[in-house]
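I have placed the structure first, in the form of structure tokens, so that the comments after it can refer back to it.
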Amino acid sequence: MDDFYRDYILDHYRNPRNFGRLEAPTVTAEDLNPLCGDRIRMDLLVDADGIVRDVRFSGKGCAISQASASMLTQSVIGKSLEEVAKLRKEAVLENVGIGISPTRMKCAMLGLRVLKSAAIGSLAAWPDEE
Amino acid sequence: MSTLHFSERQTRQSRTALEIRNDFPIFERPTARGKRLVYLDSAATSQKPNCVIETLDTYYREYNANIHRGVYEIAALATERFEAARASVARFVNCAPGELVWTKNTTEAINLVAYAWGDANLRAKDVILLTEMEHHSNLVPWQLLARRTGAVLRFIPVDPRGVLVLDDLDRLLDGCKILSLAHVGNTLGTISPLERIIPRAHAAGALVVVDGAQAAPHLSVDVAALGCDFYAFSAHKMLGPTGIGALYGRRALLESMPPFLSGGDMIRTVEYEHATFNDPPWKFEAGTSNVADAIAFGTAIAYLTDVGLAWVREHEKRITRYALQRLAELEPRGLVVYGPKDPERMGGVISFNLADAHAHDVASILDTDGVCIRAGHHCTMPLMQRMGWIATARASFYLYTTEDDVDALAAGLEKAARIFKV
Numbered sequence: 001m002d003d004f005y006r007d008y009i010l011d012h013y014r015n016p017r018n019f020g021r022l023e024a025p026t027v028t029a030e031d032l033n034p035l036c037g038d039r040i041r042m043d044l045l046v047d048a049d050g051i052v053r054d055v056r057f058s059g060k061g062c063a064i065s066q067a068s069a070s071m072l073t074q075s076v077i078g079k080s081l082e083e084v085a086k087l088r089k090e091a092v093l094e095n096v097g098i099g100i101s102p103t104r105m106k107c108a109m110l111g112l113r114v115l116k117s118a119a120i121g122s123l124a125a126w127p128d129e130e
Numbered sequence: 131m132s133t134l135h136f137s138e139r140q141t142r143q144s145r146t147a148l149e150i151r152n153d154f155p156i157f158e159r160p161t162a163r164g165k166r167l168v169y170l171d172s173a174a175t176s177q178k179p180n181c182v183i184e185t186l187d188t189y190y191r192e193y194n195a196n197i198h199r200g201v202y203e204i205a206a207l208a209t210e211r212f213e214a215a216r217a218s219v220a221r222f223v224n225c226a227p228g229e230l231v232w233t234k235n236t237t238e239a240i241n242l243v244a245y246a247w248g249d250a251n252l253r254a255k256d257v258i259l260l261t262e263m264e265h266h267s268n269l270v271p272w273q274l275l276a277r278r279t280g281a282v283l284r285f286i287p288v289d290p291r292g293v294l295v296l297d298d299l300d301r302l303l304d305g306c307k308i309l310s311l312a313h314v315g316n317t318l319g320t321i322s323p324l325e326r327i328i329p330r331a332h333a334a335g336a337l338v339v340v341d342g343a344q345a346a347p348h349l350s351v352d353v354a355a356l357g358c359d360f361y362a363f364s365a366h367k368m369l370g371p372t373g374i375g376a377l378y379g380r381r382a383l384l385e386s387m388p389p390f391l392s393g394g395d396m397i398r399t400v401e402y403e404h405a406t407f408n409d410p411p412w413k414f415e416a417g418t419s420n421v422a423d424a425i426a427f428g429t430a431i432a433y434l435t436d437v438g439l440a441w442v443r444e445h446e447k448r449i450t451r452y453a454l455q456r457l458a459e460l461e462p463r464g465l466v467v468y469g470p471k472d473p474e475r476m477g478g479v480i481s482f483n484l485a486d487a488h489a490h491d492v493a494s495i496l497d498t499d500g501v502c503i504r505a506g507h508h509c510t511m512p513l514m515q516r517m518g519w520i521a522t523a524r525a526s527f528y529l530y531t532t533e534d535d536v537d538a539l540a541a542g543l544e545k546a547a548r549i550f551k552v
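Below you can see the structure in the form of structure tokens.
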């Protein structure tokens, strides 16, 4: 677990990428982890072809949830909503690169769940339970 | 564990804590990572002494039988032990056995009052008074009661230290039919001054429900002296098993209230179209009771009584004072302690945060060294919002907590500070 708190994780935690809100998002979703109250919102700007052109996330939470969401946003632009909807938990786990304990899996998956919810227009399943 | 080093600098009382630990088998086992278990989450649930575990085992091995109806020997024995446990728990909080209802836990006890008393007695615009620091279990049942009856909720405020502000109490009590509040707050450890609050609530015509989940394990509770109308608590936070709790209710109130859950065991007579009900407390105990856990709750009470609540309280004050001191040493690293910070005015519960590290991350780092603390909102989301906190880390103590445990907490926090570079 010490391993998880590598410099790049703490960097994403303290300097999250694509952080904030879009002025006129095409789709948006928000959810919280009821276990800890961590909260994440994802705004997507989607063009007529269904391709994500811009993304912002906002929220508060632990280093794992915030860094996972931050890293996720970096790989979203240029993807179709269909592709976003099909993202699996590995998309996050490969980003963070370190093993996540079962007790912290929901923290890591919160951003992806919210992102997928925005893509499908309703609350997505927890990616680790699919 | 550096027992020798430990015993050299400890008082006689702390050596008693070391002796007490010998009664708890969980402390004999290392964690999965091979560390000493440093258990600082007793506010969530306490560990269990051998005698409680053995009571459960003996019941199932030697006299498992349903109570109150069987005519045979082991059924009679089970019934006798079950009712003897009720008498022990009743004596522990100074009420009559007939005023002590078994419940699943504190939450169910509060729900019992909210449904059985609340639905029968509250009308639209009646006031339900709570405090801003209540656990969700002493908030949500009242929200639902308010929705069913049209009653309104009011809240006694807390100041930034988490201390109740009573300046406006009489105004808040105007129109109030029921006041429900924690004896000890679960997030900040604040002890409510019940002796000042209850008489004023009664003078205003309100009943008083006390959520004693965090108090009954740690303070000597006397419901007769307090004068409260209901007092709810859980066995699992006071050395007993999960799944059993108790509600003290003033006899006249229990008699006047309709049942909560219904079915077998709570009836006197049943016909096809209607039924009459048993006397309290059985009127509120529908279905087969949690026999084994109730009996083991009695054992836990016997153990606590033997140690003595006065000693438990003094020990926890000593540990809390030591922990506040060790945590204060980490202030230069950005550690912030919340709550009253005064062992005389709080239970053995300390909430804190470390710089900009999220409490969950801190708890995960501590976990790698076998240190168990809680992180999050502690089922007090409105309090967190009121205080502007996203989450806090919480360490909580009990009769088996030692200064060594506190040192392990401090060492873990130093490590977390290094990892987070604060």
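Residue numbers (our numbering), protein chains in the order written: chain Y, 1 to 130; chain Z, 131 to 552.
Glycine is no exception: its CB is placed at the ideal position from the N, C-alpha and C atoms.
From a predicted model like this one, the values you see are computed outputs, not experimental measurements.
Taking residue i as part of the alpha helix (DSSP H), name the residues at either end of that continuous run.
i, result
"Z/C306", "Run containing Z/C306: none in the alpha helix (DSSP H); it sits in the beta strand (DSSP E), 306-312."
"Z/M514", "511-517"
"Y/S117", "105-120"
"Z/V552", "Counting along the chain, Z/V552 falls outside any alpha helix (DSSP H), and DSSP gives it neither H nor E."
"Z/T236", "236-242"
"Z/S494", "489-497"
Can you tell which of the options has the C-alpha that lies nearest to the C-alpha of residue i?
i, options, result
"Z/V262", "Z/A246, Z/Y530, Z/R291", "Correcting the residue type first, residue 262 of chain Z is Glu in the shown sequence and not Val. Closest option to Z/E262, Cα to Cα, is Z/R291."
"Y/Y8", "Y/R21, Y/S70, Y/L45", "Y/S70"
"Z/A489", "Z/H404, Z/R524, Z/K545, Z/L337", "Z/R524"
"Z/W553", "Z/V353, Z/A541, Z/D352, Z/Y468", "The shown model of chain Z, from 131 to 552, leaves out residue 553 of chain Z, and the question about it has no answer."
"Z/P323", "Z/R191, Z/L349, Z/H313, Z/L303", "Z/H313"
"Z/T236", "Z/P512, Z/S176, Z/A430, Z/G373", "Z/G373"
"Z/A206", "Z/Y189, Z/R221, Z/F222", "Z/Y189"
"Z/C358", "Z/A173, Z/H332, Z/A430, Z/P389", "Z/H332"
"Z/A365", "Z/Y193, Z/S218, Z/A521, Z/G200", "Z/S218"
"Z/D117", "Z/L349, Z/M514, Z/K545, Z/M476", "Outside the shown range of chain Z, which is 131 to 552, sits residue 117 of chain Z, and nothing can be said about it."
"Y/E129", "Y/K89, Y/G78, Y/V52", "Y/K89"
"Z/P347", "Z/F157, Z/K178, Z/E461", "Z/K178"
"Z/F407", "Z/C306, Z/D352, Z/T435, Z/I397", "Z/I397"
Please state the DSSP three-state secondary structure of residue i.
i, result
"Z/D423", "helix"
"Z/G126", "Given that chain Z is displayed from residue 131 to residue 552, the structure contains no residue 126 of chain Z and the question cannot be resolved."
"Z/L369", "coil"
"Z/S202", "Position check: residue 202 of chain Z holds Tyr in this sequence, whereas Ser was assumed. In the structure shown, Z/Y202 sits in coil (DSSP, three-state: anything other than H, G, I, E or B)."
"Z/T279", "helix"
"Y/K60", "strand"
"Z/S176", "coil"
"Z/T435", "helix"
"Y/V52", "strand"
"Y/A125", "coil"
"Z/A346", "coil"
"Y/D11", "helix"
"Z/F414", "helix"
"Z/Y189", "helix"
"Z/N251", "helix"
"Z/R291", "coil"
"Z/A334", "coil"
"Z/N483", "strand"
"Z/T133", "Note that Z/T133 has pLDDT 39, beneath the 50 cutoff, so the model's placement of it is unreliable and no number is given."
"Y/S70", "helix"
"Z/I503", "coil"
"Z/G228", "helix"
"Z/S364", "strand"
In chain order, what residues of the same chain lie with their CB nearer than 7 Å to the CB of residue i, ignoring the 5 residues before and after it?
i, result
"Y/M1", "Confidence at Y/M1 is low in this model, with a pLDDT of 47, below 50, so the placement of that residue is unreliable and no value is reported for it."
"Z/T133", "Because Z/T133 sits at a pLDDT of 39, beneath the cut-off of 50, its placement in the model cannot be relied upon, and the point is left open."
"Z/I549", "I495"
"Z/W272", "A244, I258, L260, L283, S310"
"Z/G607", "Only positions 131 to 552 of chain Z appear in this structure, which leaves residue 607 of chain Z out of reach."
"Z/L186", "P371, A422, A426"
With a threshold of 6 Å on Cβ separation, who are the neighbours of residue i within its own chain once the five nearest residues in sequence on each side are excluded?
i, result
"Z/V168", "G500, V501, D535, A538"
"Y/F19", "none"
Is any non-hydrogen atom of the ligand PLP found closer than 7 Å to the C-beta of residue i, if you look at the structure I gave you?
i, result
"Z/E262", "Looking at this structure, you won't find the ligand PLP or any other ligand, since it has none at all."
Where does the unbroken beta strand (DSSP E) through residue i begin, and where does it stop?
i, result
"Y/N95", "Element bounds for Y/N95: not the beta strand (DSSP E) but the alpha helix (DSSP H), 89-96."
"Y/E30", "27-32"
"Y/D43", "39-46"
"Z/I397", "397-400"
Might you give, ordered along the chain, the residues of its own chain that have their beta carbon closer than 8 Å to the beta carbon of residue i, omitting 5 neighbours on each side?
i, result
"Z/E474", "K447"
"Z/S419", "I197, F212, W232, D395"
"Y/W126", "K106, M109, R113"
"Z/M511", "H266"
"Z/L454", "V467, K471, P473, I480"
"Z/A226", "A220, R381"
What is the C-beta distance between residue i and residue j, in whole angstroms, given that I count them as a contact (C-beta under 8 Å)?
i, j, result
"Y/A85", "Y/A119", "4 Å"
"Z/V182", "Z/L369", "6 Å"
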